[in-house]
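Colleague:
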Amino acid sequence: MRCPIGRKSGGCKSLCVSFLHEIGWLLRRCHLRNRTKLESSSLEAFPLVRFRWILRFAIDRDWTAIVKKLLDILFEENIDSGVLCPTEIALPEDLLHYAVRSNSKSIVKLLLRYKPMKRSDRDIDNYLFRPDMLGPSGITPLHIAATTTCAESMSNLLTDEPGQLTIEITAETQHVALHPLPNLMTMMSLSFLDEVNDDDDGQELPSADHAILDGDEDEDDSELDFGDSSSHGSYEAPSLVDEKDVVVLSEGNFSEFIEKNKHVMVEFYAPWCGHCQALAPEYAAAATALKGEDIFLAKVDATEENDLAQKYDVQGFPTVYFFIDGDHKPYPGQRSKDAIVTWIKKKIGPAVQNGADSLELSGASKLEDGVNFYQTTSPTVAELFHIDPKAERPSLIMLKNETEKLSYFDGPFTKSAIVEFILANKLPLVTSFTRDTAPLIFESTIKKQLILFAQSSDSKKFLPVFQEAARLFKGKLIFVFVEIDNEDVGKPVSDYFGVTGDGPIVLAYLGNEDGRKYLLDGEFILERIKAFAEGFLEDKLKPFYKSDQIPENNDGDVKIVVGNNFDEIVLDESKDVLLEIYAPWCGHCQALEPTYNKLAKHLRGVDSLVIAKMDGTTNEHPRAKVGSSGTKSKLRTPSTAIIPMVREDHS
């Protein structure tokens, strides 16, 4: 949701004022550096962390003129980027991905056509932002566009870009496009965009140049201190917060304090950040509540401590890490006192009895966020869970609100064995694929999956058999059920895997970049599923590839290639083959078609040459991902490859 300048909501208006302050300092500093031609001097470049905030703030409001100006400033080397060149900063920012996800067509159009102004960075491939550029988890802007409410118009905009389109779709990247993982954009904590007020006068910042603060442009350089954030008086956090128990860290004492103390939570903040100001009283209260428990809550002003912020990859505010013995991980919880205190106490381990077994349980609990750990010495509780009073102690049970209510641990009572037990049992025997469960499936360390495709009305008929098979492979395979008639989720997944019909269909999937899949051939019974799963784990199965029907008539100048006749046509050793892999929706493919047909007609008399094409969205083949040099490459649409008569062995 957009938040243009002029909203009467106090918090949002304050952020817009902060934006004007920041871009004012940025433009002023750029003006002075360019005027004096000081590329490296006492007049420092603008901090990268603050620049990123300005850039994303402008993108979220569709301020295309400002975004272009900011990118130009970046490539004019006015930003303190350390050892990174401007290109190395711009490309990992996932700006195009974020603009597509936000359905900001004006920003998307700008980025697709943006070229760096500075010649030193023209060594990149023409256009900087491409619709096929890989982002987090290997997804591209096109993957994201396909999942938006305006998928067709956004896809058309992306496929009409100036450069050549490249895309490779996997089930995992399709899921991530639907459920994006946290990336540089989402880490920027831009939820202030929801702080809207219906009283909107609709005023937007007209252009970047208007953001310059009032002042004399001929002001003497020596009187300016751009590094002093105290000059931004309106950015100061509220003074009423009692932060007496929050430790203030800086470059000078950070390392020593982290090394000296076992448990430290650190907030990287900006004084002008509204979210940081909202967190401050909760954070301070949590620090007071944990006082005396050998747990410290600290804070770092990232606008002052740029080196620390870059070292710990601070991309947005607030960024909160929890350090245990010097190792840190992000705090994923809510920003309240109770949530912080509860999460920390869980991470440092339960209140356990003394002894080696309790320490192993405590150690395992620190490695698993999604499971609550409890310890008891009560015989009544043991009886409740049908634990034999004479059984060897300790005993460990996992409780789940699933078909399999209880899972009993029978391994050695060590941290690694407990973690392995949790990994094998925390998912249901069979996980129904939904938008909510997809992250659990794709983020699991168990990558190999057995997927059952069936009608929702047949679930009671087929699931019991599938669940029995799942019991045999816990910890080795994830068993997934996809309702093939579910238009929202099931149909897209079925289409991706090339699954048709009413089911039941069982498919094995590697779940990694390889993307190979295998199809169960035979009756849907426990013995067949078990043998299929064992063959999958032992890599003894033949891969399954999507394929359209082989055309009955294939006598045209351009031969139609599908997955099932690829070997016959493309790998015919008596022919040279020019193969185009295309997508029906691709604008470049459509533009190429008349020329491609004309070429085929012109060369129809050359018996040793075949001109062919294959729909890459509905057909697969392992060699379809091999370029003319025989090396792996992304699937391009359109992608053309010359397959010569003499071929090297790629088996």
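Residue 1 is where the sequence shown starts when you use full-length UniProt numbering, and the numbers rise one by one after that.
Glycine included, each C-beta is placed from N, C-alpha and C at the ideal position.
Given I167, which residues of its chain have a CB within under 6 Å of its CB, disregarding the five upstream and five downstream residues?
Modeller: Any reading at I167 needs caution, since the residue's pLDDT is 42, under 50, leaving its predicted position unreliable; the model's value is listed next. So the qualifying residues of the chain are D132, T140, L142.
Colleague: Count the other CB atoms, across all protein chains shown, that sit within 10 Å of the CB of N372; report buried if there are 16 or more and exposed otherwise.
Modeller: Classification for N372: exposed.
Colleague: Hey, does I422 have any beta-carbon neighbour from chain B nearer than 8 Å?
Modeller: Included in the structure is just one protein chain, with no chain B present.
Colleague: Checking the sheet assignment: what are the DSSP bridge partners for F296?
Modeller: BP columns for F296 point to V264.
Colleague: Please identify the residue among R130, K115, L571, V108 whose C-alpha is closest to the C-alpha of M154.
Modeller: With distances taken between Cα atoms, M154 lies closest to V108.
Colleague: For the beta strand (DSSP E) containing P492, list its first residue and its last residue.
Modeller: Note, P492: premise wrong, no beta strand (DSSP E); alpha helix (DSSP H) at 490-497.
Colleague: Who are the near neighbours of H328 in its chain, counting only those whose CB is closer than 8 Å to its CB and skipping five residues on each side?
Modeller: The residues are V266, Y312, Y321, F322.
Colleague: Give me the residue from Y283, A470, L361 with the minimum Cα distance to A417.
Modeller: That would be L361, whose Cα lies nearest to the Cα of A417.
Colleague: Do you know how far the Cα of Q449 is from the Cα of G475?
Modeller: C-alpha separation (whole angstroms): 11 Å.
Colleague: Am I right that A309 and F254 are in contact with their C-beta atoms under 8 Å? What's the rounded C-beta distance?
Modeller: With 8 Å as the limit, A309 and F254 do not qualify as a contact, their Cβ atoms being about 11 Å apart.
Colleague: In angstroms, rounded to a whole number, what distance separates the CA positions of T618 and N565?
Modeller: Each residue's Cα considered, the two are about 13 Å apart.
Colleague: L399: buried (16+ other C-beta within 10 angstroms of its C-beta) or exposed?
Modeller: So L399 ends up on the exposed side.
Colleague: How is P464 classed by DSSP in three states: helix, strand or coil?
Modeller: Helix, per DSSP.
Colleague: With the cut-off set at 8 Å, would you say L111 and F129 are in Cβ contact?
Modeller: In this structure, F129 lies closer than 8 Å to L111 by Cβ.
Colleague: By a C-beta neighbour count over all protein chains shown, 10 Å radius and 16 as the cutoff for buried, is N425 buried or exposed?
Modeller: Label assigned to N425: buried.
Colleague: Tell me whether D301 sits in a helix, a strand or coil according to DSSP, three-state version.
Modeller: Reduced to three states, the DSSP call for D301 is strand.
Colleague: How would you call N553, buried or exposed, if buried means at least 16 neighbouring beta carbons within 10 angstroms?
Modeller: Answer is exposed; the Cβ neighbour count stays below 16.
Colleague: Out of T303, K262, L95, T380, state which residue places its alpha-carbon closest to the alpha-carbon of T64.
Modeller: The candidate whose alpha carbon is nearest that of T64 is L95.
Colleague: Go through its chain and collect everything with a Cβ distance to I387's Cβ below 7 Å, but skip five positions before and after it.
Modeller: Once the five neighbours on either side are set aside, the close Cβ partners of I387 are S395.
Colleague: Do you know whose CA, among D62, R61, D60, I54, lies nearest I73's CA?
Modeller: The candidate whose alpha carbon is nearest that of I73 is I54.
Colleague: Please go through the same chain and pick out, in chain order, the residues whose beta-carbon is closer than 8 Å to the beta-carbon of R528, but skip the five residues on each side of it.
Modeller: Excluding sequence neighbours, R528 sits near L520, G522.
Colleague: With H, G and I counted as helix, E and B as strand and the rest as coil, what does DSSP make of Q315?
Modeller: Three-state DSSP puts Q315 in coil, outside helix and strand.
Colleague: Is the distance from the Cβ of I441 to the Cβ of F453 below 8 Å?
Modeller: Contact flag unset, no.
Colleague: In terms of alpha-carbon separation, which member of E293, A284, V17 lies closest to W272?
Modeller: With distances taken between Cα atoms, W272 lies closest to V17.
Colleague: Which residues in the same chain as R101 place their Cβ atom closer than 6 Å to its Cβ, once the five residues preceding and following it in sequence are excluded?
Modeller: Taken in chain order, the residues that qualify are I144.
Colleague: Report, in whole angstroms, the separation of the C-beta atoms of residue 713 and V241, which I expect to be a contact under 8 Å.
Modeller: Only positions 1 to 651 of the chain appear in this structure, which leaves residue 713 out of reach.
Colleague: Within 10 Å of its beta-carbon, does F385 have 16 or more other beta-carbons around it, so buried, or fewer, so exposed?
Modeller: Flag for F385 reads exposed.
Colleague: As a quick exercise: from G503, E538, A583, pick the residue whose alpha carbon is nearest that of F462.
Modeller: Closest by alpha carbon: G503.
Colleague: Determine the closest residue to Q334 out of A278, S407, A298, Y374, with distance taken between C-alpha atoms.
Modeller: With distances taken between Cα atoms, Q334 lies closest to A278.
Colleague: In this structure, how does DSSP classify L142 when only helix, strand and coil are distinguished?
Modeller: L142 falls in the helix class under three-state DSSP.
Colleague: Considering only residues of the same chain and omitting the five flanking positions on each side of L603, which have a CB-CB separation below 7 Å?
Modeller: Cβ neighbours of L603 beyond the five flanking positions: L609, I611.
Colleague: Please report the residue range of the alpha helix (DSSP H) in which Q590 lies.
Modeller: Looking at the DSSP string, the run of the alpha helix (DSSP H) that includes Q590 is 587-602.
Colleague: Just verifying my parser: in three-state terms, what is the DSSP assignment at Q277?
Modeller: Reduced to three states, the DSSP call for Q277 is helix.
Colleague: Which of the three DSSP states, helix, strand or coil, is assigned to Q449?
Modeller: Residue state, collapsed to three classes: strand.
Colleague: Going by other Cβ atoms of all chains shown within 10 Å of its Cβ, with 16 needed for buried, is P332 buried or exposed?
Modeller: Exposed, because fewer than 16 other Cβ atoms sit within 10 Å of the Cβ of P332.
Colleague: How about D338 and A284: are their beta carbons less than 8 Å apart?
Modeller: Going by C-beta atoms, D338 is not nearer than 8 Å to A284.
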